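Numbering (the working numbering), first residue to last: 954 to 1334. The beta carbon of each residue, even a glycine, is placed where N, CA and C say it ideally should be. Being a predicted model, the structure only gives us computed values, none of them experimental. As C-alpha coordinates, the structure follows; a few thoughts come after it.
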(Lines of atoms letter the chains of each structure in order from A and count residues from 1; the text may use other names and numbers.)
(Lines give C-alpha, C1' and ligand atoms only; values in the text may rest on other atoms or scores of the structure.)
Protein backbone atom coordinates (compact mmCIF):
# COMPACT_ATOMS: atom_id res chain seq x y z
CA UNK A 1 0.00 0.00 0.00
CA UNK A 2 1.36 3.41 -0.99
CA UNK A 3 2.20 5.57 2.03
CA UNK A 4 0.19 8.79 2.38
CA UNK A 5 2.42 11.83 1.79
CA UNK A 6 3.07 14.41 4.51
CA UNK A 7 0.97 17.07 2.73
CA UNK A 8 -2.10 14.79 2.72
CA UNK A 9 -1.49 13.76 6.34
CA UNK A 10 -1.43 17.43 7.38
CA UNK A 11 -4.59 18.20 5.36
CA UNK A 12 -6.36 15.25 7.03
CA UNK A 13 -5.22 16.54 10.44
CA UNK A 14 -6.48 20.01 9.50
CA UNK A 15 -9.91 18.70 8.41
CA UNK A 16 -10.30 16.50 11.51
CA UNK A 17 -9.23 19.40 13.75
CA UNK A 18 -11.88 21.69 12.22
CA UNK A 19 -14.52 18.96 12.59
CA UNK A 20 -13.68 18.20 16.23
CA UNK A 21 -13.47 21.91 17.09
CA UNK A 22 -16.85 22.63 15.47
CA UNK A 23 -18.57 19.64 17.12
CA UNK A 24 -17.22 20.50 20.58
CA UNK A 25 -17.44 24.29 20.24
CA UNK A 26 -17.33 25.98 23.64
CA UNK A 27 -16.28 22.80 25.44
CA UNK A 28 -13.23 23.64 27.64
CA UNK A 29 -12.24 19.97 27.71
CA UNK A 30 -11.14 20.23 24.06
CA UNK A 31 -8.63 22.94 24.97
CA UNK A 32 -7.37 21.06 28.03
CA UNK A 33 -6.76 17.87 26.00
CA UNK A 34 -5.56 19.28 22.67
CA UNK A 35 -3.60 22.41 23.68
CA UNK A 36 -0.72 20.41 25.23
CA UNK A 37 -0.33 18.40 21.99
CA UNK A 38 -0.16 21.59 19.93
CA UNK A 39 2.24 23.19 22.40
CA UNK A 40 4.54 20.15 22.30
CA UNK A 41 4.72 20.35 18.49
CA UNK A 42 5.54 24.08 18.51
CA UNK A 43 8.15 23.49 21.23
CA UNK A 44 9.75 20.70 19.18
CA UNK A 45 10.08 23.09 16.24
CA UNK A 46 11.53 25.88 18.38
CA UNK A 47 13.96 23.35 19.84
CA UNK A 48 15.52 22.51 16.46
CA UNK A 49 15.46 25.91 14.72
CA UNK A 50 18.38 27.63 16.49
CA UNK A 51 20.91 24.74 16.24
CA UNK A 52 20.14 24.33 12.52
CA UNK A 53 20.46 28.06 11.79
CA UNK A 54 23.76 28.40 13.68
CA UNK A 55 25.33 25.25 12.22
CA UNK A 56 24.17 25.97 8.65
CA UNK A 57 25.38 29.59 8.68
CA UNK A 58 28.78 28.68 10.14
CA UNK A 59 29.29 25.92 7.54
CA UNK A 60 28.00 28.07 4.67
CA UNK A 61 30.00 31.20 5.56
CA UNK A 62 33.20 29.29 6.35
CA UNK A 63 32.86 27.61 2.95
CA UNK A 64 32.79 31.02 1.22
CA UNK A 65 35.21 32.85 3.50
CA UNK A 66 34.98 36.06 1.44
CA UNK A 67 33.86 39.12 3.44
CA UNK A 68 33.19 41.23 0.32
CA UNK A 69 31.07 38.49 -1.25
CA UNK A 70 29.04 38.09 1.93
CA UNK A 71 28.65 41.87 2.20
CA UNK A 72 27.21 42.05 -1.31
CA UNK A 73 24.85 39.16 -0.52
CA UNK A 74 23.67 40.86 2.68
CA UNK A 75 23.12 44.20 0.95
CA UNK A 76 21.12 42.70 -1.91
CA UNK A 77 19.07 40.61 0.53
CA UNK A 78 18.04 43.55 2.74
CA UNK A 79 17.24 45.78 -0.28
CA UNK A 80 15.06 43.05 -1.84
CA UNK A 81 13.25 42.41 1.46
CA UNK A 82 12.56 46.12 1.96
CA UNK A 83 11.22 46.57 -1.58
CA UNK A 84 8.99 43.49 -1.57
CA UNK A 85 7.61 44.25 1.93
CA UNK A 86 6.76 47.80 0.85
CA UNK A 87 4.96 46.42 -2.21
CA UNK A 88 3.00 44.04 0.09
CA UNK A 89 1.81 46.96 2.24
CA UNK A 90 0.87 49.02 -0.85
CA UNK A 91 -1.07 46.07 -2.30
CA UNK A 92 -2.92 45.68 1.01
CA UNK A 93 -3.82 49.39 1.16
CA UNK A 94 -4.97 49.49 -2.48
CA UNK A 95 -7.13 46.36 -2.22
CA UNK A 96 -8.69 47.52 1.07
CA UNK A 97 -9.55 50.90 -0.50
CA UNK A 98 -10.99 49.29 -3.65
CA UNK A 99 -13.11 46.54 -2.03
CA UNK A 100 -13.84 48.36 1.27
CA UNK A 101 -14.37 45.32 3.55
CA UNK A 102 -15.27 47.55 6.52
CA UNK A 103 -18.13 49.42 4.82
CA UNK A 104 -21.56 48.50 6.15
CA UNK A 105 -20.28 46.24 8.93
CA UNK A 106 -22.69 46.22 11.87
CA UNK A 107 -20.55 46.34 15.02
CA UNK A 108 -23.48 45.06 17.10
CA UNK A 109 -23.26 41.72 15.25
CA UNK A 110 -19.58 41.30 16.08
CA UNK A 111 -18.23 39.49 19.11
CA UNK A 112 -15.63 41.30 21.18
CA UNK A 113 -12.62 39.28 22.31
CA UNK A 114 -10.29 40.14 25.19
CA UNK A 115 -7.04 41.55 23.76
CA UNK A 116 -5.33 42.43 27.06
CA UNK A 117 -2.82 39.59 26.59
CA UNK A 118 -1.31 41.49 23.65
CA UNK A 119 -1.05 44.91 25.26
CA UNK A 120 1.98 44.18 27.47
CA UNK A 121 4.16 43.71 24.35
CA UNK A 122 2.74 46.70 22.49
CA UNK A 123 5.00 49.25 24.22
CA UNK A 124 8.01 47.28 22.98
CA UNK A 125 6.82 47.66 19.40
CA UNK A 126 5.80 51.32 19.76
CA UNK A 127 9.33 52.22 20.86
CA UNK A 128 10.82 50.03 18.13
CA UNK A 129 12.56 52.29 15.57
CA UNK A 130 14.43 51.41 12.37
CA UNK A 131 17.70 52.29 14.13
CA UNK A 132 16.80 49.97 17.03
CA UNK A 133 16.45 47.09 14.58
CA UNK A 134 20.05 47.47 13.45
CA UNK A 135 21.41 48.13 16.95
CA UNK A 136 19.72 44.98 18.24
CA UNK A 137 21.36 42.90 15.51
CA UNK A 138 24.56 43.04 17.59
CA UNK A 139 24.13 40.81 20.66
CA UNK A 140 25.49 41.81 24.07
CA UNK A 141 25.33 38.19 25.23
CA UNK A 142 25.14 35.50 22.55
CA UNK A 143 23.98 32.88 25.07
CA UNK A 144 20.98 35.06 25.95
CA UNK A 145 20.24 35.60 22.25
CA UNK A 146 20.36 31.83 21.66
CA UNK A 147 18.04 31.21 24.62
CA UNK A 148 15.60 33.93 23.48
CA UNK A 149 15.68 32.81 19.83
CA UNK A 150 16.72 36.34 18.75
CA UNK A 151 17.24 35.43 15.11
CA UNK A 152 18.96 38.60 13.85
CA UNK A 153 21.53 38.54 16.66
CA UNK A 154 22.09 34.79 16.12
CA UNK A 155 22.65 35.32 12.39
CA UNK A 156 25.10 38.20 13.04
CA UNK A 157 27.19 36.15 15.48
CA UNK A 158 27.11 33.01 13.30
CA UNK A 159 28.33 34.95 10.24
CA UNK A 160 31.24 36.44 12.23
CA UNK A 161 32.07 33.04 13.72
CA UNK A 162 32.00 31.42 10.27
CA UNK A 163 34.38 34.08 8.94
CA UNK A 164 36.65 33.40 11.93
CA UNK A 165 36.67 29.65 11.20
CA UNK A 166 37.58 30.37 7.55
CA UNK A 167 40.32 32.85 8.56
CA UNK A 168 42.30 30.37 10.70
CA UNK A 169 42.60 27.85 7.86
CA UNK A 170 43.56 24.29 8.79
CA UNK A 171 43.10 24.95 12.52
CA UNK A 172 39.45 25.68 11.80
CA UNK A 173 38.82 22.43 9.92
CA UNK A 174 37.83 20.37 13.03
CA UNK A 175 35.43 23.17 14.03
CA UNK A 176 33.92 23.19 10.53
CA UNK A 177 33.52 19.39 10.60
CA UNK A 178 31.83 19.64 14.00
CA UNK A 179 29.24 22.15 12.76
CA UNK A 180 28.69 20.11 9.58
CA UNK A 181 27.95 17.12 11.81
CA UNK A 182 25.57 19.22 13.92
CA UNK A 183 23.74 20.41 10.79
CA UNK A 184 23.40 16.86 9.41
CA UNK A 185 22.20 15.49 12.76
CA UNK A 186 19.66 18.30 13.22
CA UNK A 187 18.22 17.80 9.72
CA UNK A 188 17.68 14.14 10.66
CA UNK A 189 15.95 15.26 13.89
CA UNK A 190 13.79 17.63 11.82
CA UNK A 191 12.59 14.77 9.62
CA UNK A 192 11.58 12.83 12.72
CA UNK A 193 9.76 15.83 14.24
CA UNK A 194 7.83 16.34 10.99
CA UNK A 195 6.22 12.93 11.49
CA UNK A 196 4.37 14.50 14.44
CA UNK A 197 3.17 17.46 12.32
CA UNK A 198 -0.33 16.07 11.45
CA UNK A 199 -1.08 15.60 15.17
CA UNK A 200 0.21 19.10 15.96
CA UNK A 201 -1.95 20.62 13.21
CA UNK A 202 -5.00 18.64 14.38
CA UNK A 203 -4.57 19.91 17.94
CA UNK A 204 -3.82 23.55 17.09
CA UNK A 205 -6.70 24.02 14.64
CA UNK A 206 -9.05 22.02 16.90
CA UNK A 207 -8.36 24.40 19.81
CA UNK A 208 -8.85 27.48 17.59
CA UNK A 209 -12.20 26.33 16.16
CA UNK A 210 -13.53 25.05 19.51
CA UNK A 211 -12.66 28.39 21.14
CA UNK A 212 -13.98 30.83 18.54
CA UNK A 213 -16.34 28.68 16.45
CA UNK A 214 -17.03 28.79 12.73
CA UNK A 215 -19.97 31.18 13.31
CA UNK A 216 -17.50 33.95 14.22
CA UNK A 217 -16.44 34.04 10.55
CA UNK A 218 -19.88 35.00 9.17
CA UNK A 219 -20.08 38.73 10.15
CA UNK A 220 -16.47 39.23 9.04
CA UNK A 221 -16.80 37.16 5.86
CA UNK A 222 -15.97 40.05 3.53
CA UNK A 223 -12.78 40.86 5.45
CA UNK A 224 -11.77 37.21 5.31
CA UNK A 225 -12.37 37.03 1.53
CA UNK A 226 -10.50 40.30 0.88
CA UNK A 227 -7.47 39.24 2.96
CA UNK A 228 -7.22 35.81 1.33
CA UNK A 229 -7.85 37.27 -2.14
CA UNK A 230 -5.09 39.84 -1.57
CA UNK A 231 -2.72 37.09 -0.43
CA UNK A 232 -3.40 35.01 -3.54
CA UNK A 233 -2.96 38.08 -5.79
CA UNK A 234 0.33 39.00 -4.10
CA UNK A 235 1.74 35.48 -4.31
CA UNK A 236 0.66 34.71 -7.89
CA UNK A 237 1.18 38.15 -9.46
CA UNK A 238 3.86 39.98 -7.44
CA UNK A 239 5.97 37.01 -6.33
CA UNK A 240 5.16 35.18 -9.59
CA UNK A 241 6.54 38.05 -11.70
CA UNK A 242 9.56 38.39 -9.40
CA UNK A 243 10.30 34.67 -9.77
CA UNK A 244 9.85 34.88 -13.56
CA UNK A 245 12.43 37.69 -13.77
CA UNK A 246 14.96 35.28 -12.26
CA UNK A 247 13.87 32.38 -14.47
CA UNK A 248 11.87 30.48 -11.85
CA UNK A 249 8.37 29.07 -12.34
CA UNK A 250 6.44 29.99 -9.19
CA UNK A 251 4.06 27.03 -9.54
CA UNK A 252 6.98 24.60 -9.85
CA UNK A 253 8.37 26.25 -6.74
CA UNK A 254 5.06 25.66 -4.92
CA UNK A 255 5.14 22.01 -5.95
CA UNK A 256 8.57 21.58 -4.37
CA UNK A 257 7.48 23.27 -1.13
CA UNK A 258 3.88 21.98 -0.94
CA UNK A 259 4.40 20.10 2.35
CA UNK A 260 5.99 23.15 3.99
CA UNK A 261 3.35 25.58 2.68
CA UNK A 262 0.48 23.45 4.01
CA UNK A 263 2.19 22.97 7.38
CA UNK A 264 2.99 26.69 7.80
CA UNK A 265 -0.60 27.59 6.92
CA UNK A 266 -2.16 24.97 9.20
CA UNK A 267 -0.06 25.92 12.24
CA UNK A 268 -0.13 29.70 11.51
CA UNK A 269 3.63 29.62 12.10
CA UNK A 270 6.29 29.97 9.43
CA UNK A 271 8.91 28.97 11.99
CA UNK A 272 7.66 25.37 11.84
CA UNK A 273 9.06 24.94 8.33
CA UNK A 274 12.35 26.89 8.46
CA UNK A 275 14.61 23.80 8.76
CA UNK A 276 12.86 21.91 5.93
CA UNK A 277 12.86 24.94 3.62
CA UNK A 278 16.62 25.35 4.10
CA UNK A 279 17.14 21.67 3.36
CA UNK A 280 14.92 21.70 0.25
CA UNK A 281 16.45 24.90 -1.15
CA UNK A 282 19.88 23.28 -1.00
CA UNK A 283 18.52 20.27 -2.90
CA UNK A 284 16.92 22.73 -5.35
CA UNK A 285 20.42 24.02 -6.15
CA UNK A 286 20.88 27.03 -3.84
CA UNK A 287 24.36 27.27 -2.26
CA UNK A 288 24.43 26.63 1.51
CA UNK A 289 25.98 30.07 2.15
CA UNK A 290 22.93 31.73 0.56
CA UNK A 291 20.18 29.56 2.05
CA UNK A 292 21.65 29.65 5.57
CA UNK A 293 21.80 33.47 5.53
CA UNK A 294 18.84 34.59 3.40
CA UNK A 295 16.10 32.29 4.75
CA UNK A 296 16.56 33.00 8.50
CA UNK A 297 17.02 36.74 7.79
CA UNK A 298 13.73 36.72 5.87
CA UNK A 299 11.95 35.56 9.01
CA UNK A 300 12.67 38.95 10.59
CA UNK A 301 12.88 41.30 7.60
CA UNK A 302 10.46 39.86 5.06
CA UNK A 303 7.06 39.31 6.70
CA UNK A 304 5.08 40.03 3.53
CA UNK A 305 1.92 38.14 4.49
CA UNK A 306 1.74 39.73 7.93
CA UNK A 307 2.29 43.29 6.67
CA UNK A 308 -0.29 42.83 3.90
CA UNK A 309 -2.85 41.61 6.45
CA UNK A 310 -1.97 44.46 8.82
CA UNK A 311 -2.53 47.06 6.07
CA UNK A 312 -5.95 45.62 5.18
CA UNK A 313 -6.99 45.25 8.84
CA UNK A 314 -6.07 48.89 9.57
CA UNK A 315 -8.16 50.20 6.65
CA UNK A 316 -10.99 47.79 7.58
CA UNK A 317 -11.20 49.24 11.10
CA UNK A 318 -11.08 52.81 9.76
CA UNK A 319 -13.98 52.03 7.39
CA UNK A 320 -15.92 50.26 10.16
CA UNK A 321 -15.66 53.38 12.36
CA UNK A 322 -16.46 55.67 9.42
CA UNK A 323 -12.99 57.28 9.46
CA UNK A 324 -11.89 58.53 6.03
CA UNK A 325 -8.09 58.25 5.99
CA UNK A 326 -6.35 60.82 3.78
CA UNK A 327 -3.51 59.93 1.40
CA UNK A 328 -1.06 61.47 3.88
CA UNK A 329 -2.42 59.31 6.72
CA UNK A 330 -2.17 56.16 4.57
CA UNK A 331 1.43 57.00 3.63
CA UNK A 332 2.12 57.45 7.36
CA UNK A 333 0.52 54.05 7.97
CA UNK A 334 2.77 52.52 5.29
CA UNK A 335 5.92 54.02 6.83
CA UNK A 336 4.98 53.00 10.38
CA UNK A 337 4.24 49.41 9.28
CA UNK A 338 7.58 49.26 7.45
CA UNK A 339 9.38 50.06 10.70
CA UNK A 340 7.30 48.22 13.33
CA UNK A 341 7.19 44.94 11.40
CA UNK A 342 10.98 44.53 11.31
CA UNK A 343 12.92 42.31 13.66
CA UNK A 344 10.06 41.34 16.01
CA UNK A 345 9.13 37.94 14.52
CA UNK A 346 9.55 36.33 17.95
CA UNK A 347 6.87 38.49 19.60
CA UNK A 348 3.72 36.43 20.40
CA UNK A 349 0.79 37.40 18.16
CA UNK A 350 3.13 39.57 16.08
CA UNK A 351 0.53 40.91 13.62
CA UNK A 352 -1.87 41.85 16.39
CA UNK A 353 0.84 43.54 18.44
CA UNK A 354 2.03 45.54 15.42
CA UNK A 355 -1.54 46.67 14.72
CA UNK A 356 -2.07 47.73 18.34
CA UNK A 357 1.10 49.82 18.15
CA UNK A 358 0.27 51.29 14.74
CA UNK A 359 -3.43 52.23 14.68
CA UNK A 360 -3.14 55.16 17.08
CA UNK A 361 -0.64 56.94 14.82
CA UNK A 362 -3.34 57.51 12.19
CA UNK A 363 -6.29 58.10 14.53
CA UNK A 364 -7.92 54.64 14.39
CA UNK A 365 -9.26 53.41 17.78
CA UNK A 366 -7.03 50.44 18.78
CA UNK A 367 -9.90 48.93 20.81
CA UNK A 368 -11.54 48.07 17.47
CA UNK A 369 -9.12 45.16 17.24
CA UNK A 370 -11.25 43.37 19.84
CA UNK A 371 -13.83 42.83 17.08
CA UNK A 372 -11.44 40.88 14.83
CA UNK A 373 -9.37 39.18 17.55
CA UNK A 374 -11.52 36.05 17.28
CA UNK A 375 -10.52 35.42 13.67
CA UNK A 376 -6.99 36.88 13.86
CA UNK A 377 -5.42 33.42 13.78
CA UNK A 378 -7.37 32.50 10.62
CA UNK A 379 -6.55 35.83 8.95
CA UNK A 380 -2.87 35.58 9.88
CA UNK A 381 -2.42 31.98 8.73
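Subject >> 8 Å contact criterion, which residue 1002 and residue 1224 should meet: CB distance rounded >> reply: 6 Å
Original post:
Are the stretch 1204-1211 and the stretch 1228-1240 in contact at 8 Å, needing three or more beta carbon pairs?
Top reply: yes
Original post:
Roughly how many angstroms separate the alpha carbons of residue 1149 and residue 994, rounded to a whole number?
Top reply: 7 Å
Original post:
For the stretch 1145-1201, which segments carrying the alpha helix (DSSP H) assignment without a break, of at least 4 residues, lie completely within its bounds, in sequence order?
Top reply: Counting only runs of 4+ residues, the alpha helix (DSSP H) found wholly inside the stretch 1145-1201 occupies 1150-1165, 1174-1186, 1193-1198, in chain order.
Original post:
Considering only residues of the same chain and omitting the five flanking positions on each side of residue 1203, which have a CB-CB separation below 8 Å?
Top reply: 1188, 1189, 1192, 1193, 1196, 1197
**OP:** Return helix, strand or coil for residue 1091, following the three-state DSSP convention.
**Re:** If DSSP states are grouped into helix, strand and coil, residue 1091 belongs with coil.
Original post:
Between residue 1276 and the rest of its own chain, which residues show a CB-CB distance below 7 Å, the 5 nearest in sequence each way excluded?
Top reply: 1316, 1317
Subject >> Reference residue 990, options 1153, 1008, 972, closest by Cα >> reply: 1153
**OP:** Determine, using beta carbons only, whether residue 1249 and residue 1040 come nearer to each other than 8 Å.
**Re:** Result no, Cβ atoms of residue 1249 and residue 1040 do not sit closer than 8 Å.
Original post:
Hey, how far is the Cα of residue 1219 from the Cα of residue 1256?
Top reply: 17 Å
**OP:** Rounded to whole angstroms, what's the CA-CA distance from residue 1301 to residue 1123? Just pull it up for me.
**Re:** Its pLDDT being 48, under 50, residue 1301 is placed unreliably by the model, and the measurement read from it follows with that caveat. Residue 1301 and residue 1123: Cα-Cα distance of roughly 43 Å.
**OP:** Report buried or exposed for residue 1205, applying the criterion of at least 16 other Cβ atoms within 10 angstroms of its Cβ.
**Re:** exposed
**OP:** Can you tell me which of the three DSSP states residue 1318 falls into?
**Re:** Of the three classes helix, strand and coil, the one that applies to residue 1318 here is coil, per DSSP.
Original post:
By how many angstroms is the C-alpha of residue 1140 removed from the C-alpha of residue 956?
Top reply: Straight-line Cα distance between these residues: approximately 22 Å.
Subject >> Contacting residues, own chain, Cβ-Cβ under 7 Å from residue 1053 (five flanking each side not counted) >> reply: The answer, listed in chain order, is 1272.
**OP:** Ignore the nearest five residues each way along the sequence and tell me which others in residue 962's own chain have a CB closer than 7 Å to its CB.
**Re:** 1151
Subject >> Among 1324, 1320, 1252, the one whose alpha carbon lies nearest that of residue 1038 >> reply: 1252
Original post:
DSSP on residue 1223, reduced to helix/strand/coil?
Top reply: Looking at residue 1223 - three-state DSSP - the assignment turns out to be helix.
**OP:** Measure the CB-CB distance between residue 1260 and residue 1290 and report whether it falls below 8 Å.
**Re:** yes
Subject >> C-alpha gap between residue 1090 and residue 1293, whole angstroms >> reply: Going by the C-alpha atoms only, they are around 15 Å apart.
Subject >> Which of helix, strand or coil DSSP assigns to residue 1058 >> reply: It is coil, neither helix nor strand.
**OP:** Answer yes or no: do residue 1026 and residue 1246 have a C-beta to C-beta separation smaller than 8 Å?
**Re:** yes
**OP:** Just tell me which of 1308, 1226, 1105, 1157 has its CA closest to the CA of residue 1042.
**Re:** Ranking the options by Cα distance to residue 1042, first place goes to 1308.
Original post:
Going by beta carbon distance, what residues of the same chain come within less than 7 Å of residue 1071, once the five residues before and after it are set aside?
Top reply: Confidence at residue 1071 is low in this model, with a pLDDT of 49, below 50, so its placement is unreliable and no value can be given for it.
Subject >> Span of the alpha helix (DSSP H) around residue 1246 >> reply: Segment 1241-1254, the alpha helix (DSSP H) holding residue 1246.
**OP:** Assign residue 1231 to buried or exposed, taking buried as 16 or more other Cβ atoms, counted over all protein chains shown, within 10 Å of its Cβ.
**Re:** buried
Original post:
Roughly how many angstroms lie between the CA atoms of residue 1173 and residue 1264, to the nearest whole one?
Top reply: Residue 1173 and residue 1264: Cα-Cα distance of roughly 16 Å.
Original post:
CB-CB under 8 Å to residue 1321, same chain, minus the five flanking residues each way: which ones, in chain order?
Top reply: Same-chain partners within the cutoff: 1270, 1273, 1274, 1312.
**OP:** Name the two residues that bound the continuous alpha helix (DSSP H) containing residue 1406.
**Re:** No answer is possible for residue 1406: it lies beyond the span of the chain, which begins at 954 and ends at 1334.
Original post:
How far does the alpha helix (DSSP H) with residue 996 in it reach, from first residue to last?
Top reply: 981-1017
Original post:
From what residue to what residue does the alpha helix (DSSP H) around residue 966 run?
Top reply: 959-976
Original post:
Looking at C-alpha atoms only, which residue of 972, 964, 1131 is the closest neighbour of residue 1160?
Top reply: 972
**OP:** Please classify residue 1265: does DSSP put it in a helix, a strand, or coil?
**Re:** helix
**OP:** Please name the residue in 1331, 1176, 1326 whose C-alpha comes closest to that of residue 1051.
**Re:** 1176
Original post:
In terms of residue numbering, what span does the alpha helix (DSSP H) encompassing residue 1106 cover?
Top reply: 1104-1120
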